[in-house]
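Working notes, beginning with the structure itself.
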Amino acid sequence: MRLLESPDQIAPLPPVGPGLIDAIQRSGLAGRGGAGFPTAVKWRAVAQRSRGDAVIVVNGAEGEPQSKKDRVLMGARPHLVLDGAFIAARVLRARRIVLYIGERHTAARDSMLRALAQRTEPERGLVSVAAAPPRYVAGAEAAAVHLINDGVATPTNVPPYPFERGVDGAPTLVQNVETLAHVAVLARTGAIPGTMLLTLAGGVSRAGVVEVETGTTVADAVARAGGPSDLPRGVLVGGYFGRWMKVEDALPLRLTPEAGIGCGVIGILPTSRCPVCETAAIMRYLAGESSAQCGPCFFGLRALADACTRIASQGSNAADLARLQRWSAEVRGRGACKHPDGAVIFLSSALTVFAGDFEHHQSHDVRRTA
Ligand code: SF4
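Each number in this note's numbering corresponds to the 1-based position in the sequence shown with 730 added.
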């Protein structure tokens, strides 16, 4: 049963208990928000600590600019997401559920609230809503917990991790909405759908969200979006925290949890766009999304974005190329969260895949964005 084709209806929740965590483990389900962490490990960590006080955070922040799959799912199948949350609450003995939805995703939030209004009074009594600000890091687990506790959507130092001490100081499961929907299907049918939601972006004929079988190739997913709109020059797999790939490497890539597809964005760069300018634009965006709490992240990403922009606007030079390599190594692992790591992994892929473009770049209009 596909998520986006399943009936969105209210039905009694199936009987569930701790055995569901074993079923999740057997299914191999991994988080669909970006990090790809094994779902059963997260659930077990909360279950071991819950004294009937756990909290479930339904993560629909979707701060990745190119991703749309979470808001499409919340708009189309809100009861499936709610089922996943209520099932998590039963299995983990939670006393509170927080719907954490991007404040700009108004249609998705309204859909979730309409669905919630149709649920039973005891179910509704568990749930509150929090608005995730439109910032890249707002979807990080620690940022979600920080916002719900203190009204500030910036990551905090870990440990303690949310599963140890999260919302209200209680063990907290922060779980992406698509992951919860998969759990809801698993609890009813005994198997996860074996599909994944993708956002096809950039140079495709019909940009948007598609649901594909796990193991589908990138080429088949692009075909589902009407095929490339122009000759592709590169493929951004996994969004801004993902990686650039050469077209010939990306198209045969099979989309599995192990493939490193992050939040499920497949961005096609057409030949009409300059990869150096696109990379510089994304680096400027990521530098601007630093929460400015950690020096290496705030200053380092800004310096990397400036060096990329100089190459894009003024042409290639050996000094800036050397700085990009050196500073990337110095920034990595130096933040309270993974924001700088994600940014330099993305940059490193650009320097590899588009090495010739970076080395021989002529000046360009740097205002163009991916
Ligand atoms: S690493 Fe960057 S984004 Fe993360 S908490 Fe520190 S300053 Fe904020």
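Beta carbons: idealized from backbone N, C-alpha and C, even for Gly. Remember, predicted model here, so these are calculated numbers, not experimental data.
When you compare only the Cα positions, how much space is there between residue i and residue j?
{"i": "Arg1056", "j": "Ile996", "result": "29 angstroms"}
{"i": "Gly899", "j": "Ser736", "result": "36 angstroms"}
{"i": "Leu1009", "j": "Val746", "result": "Just to set this straight, residue 1009 is Thr in the shown sequence, not Leu. Distance between the alpha carbons of Thr1009 and Val746: 46 angstroms."}
{"i": "Phe767", "j": "Ala760", "result": "5 angstroms"}
{"i": "Lys1068", "j": "Arg781", "result": "30 angstroms"}
{"i": "Asp880", "j": "Gly896", "result": "11 angstroms"}
{"i": "Val888", "j": "Gly1065", "result": "11 angstroms"}
{"i": "Arg807", "j": "Ala1085", "result": "43 angstroms"}
{"i": "Ala862", "j": "Glu792", "result": "9 angstroms"}
{"i": "Asp738", "j": "Pro744", "result": "15 angstroms"}
Can residue i be considered in contact with the ligand SF4, in the sense that its beta carbon sits closer than 7 angstroms to one or more heavy atoms?
{"i": "Phe971", "result": "no"}
{"i": "Val965", "result": "no"}
{"i": "Cys1038", "result": "no"}
{"i": "Gln1023", "result": "yes"}
{"i": "His876", "result": "no"}
{"i": "His1069", "result": "yes"}
{"i": "Pro885", "result": "yes"}
{"i": "Cys1027", "result": "yes"}
{"i": "Gly1065", "result": "yes"}
{"i": "Val904", "result": "no"}
{"i": "Ser1002", "result": "no"}
{"i": "Ser1020", "result": "yes"}
Tell whether a beta-carbon distance below 8 angstroms holds between residue i and residue j.
{"i": "Ser935", "j": "Gly920", "result": "no"}
{"i": "Glu894", "j": "Pro885", "result": "no"}
{"i": "Ala1080", "j": "Pro987", "result": "no"}
{"i": "Arg1093", "j": "Val1074", "result": "It should be noted that the sequence gives Ser, not Arg, for residue 1093. No, Cβ-Cβ distance for Ser1093 and Val1074 is not below 8 angstroms."}
{"i": "Val788", "j": "Val811", "result": "yes"}
{"i": "Gln755", "j": "Thr929", "result": "no"}
{"i": "Ala784", "j": "Leu910", "result": "no"}
{"i": "Arg963", "j": "Leu999", "result": "yes"}
{"i": "Ala837", "j": "Arg865", "result": "no"}
{"i": "Val967", "j": "Ala955", "result": "no"}
{"i": "Gly992", "j": "Gly1018", "result": "no"}
Runs of 4 residues minimum, wholly inside the segment 964-993: which ones carry the alpha helix (DSSP H) assignment?
With a minimum length of 4 residues, the continuous alpha helix (DSSP H) runs that stay inside the segment 964-993 are 977-980.
Would you check if there are 3 or more beta carbon pairs closer than 8 angstroms linking the segment 942-962 to the segment 771-790?
Counting Cβ pairs under 8 angstroms, fewer than three are found: no touch.
What ranges does the alpha helix (DSSP H) occupy inside the segment 896-951, keeping only unbroken runs of at least 4 residues that lie completely in it?
907-919
At which residue ranges does the segment 778-814 contain complete beta strand (DSSP E) runs of 3 or more residues, listed in the order of the chain?
Listed in chain order, the complete beta strand (DSSP E) runs (minimum 3 residues) inside the segment 778-814 are 784-790.
For a minimum of 3 consecutive residues, which ranges assigned as the beta strand (DSSP E) are wholly contained in the segment 825-887?
857-862
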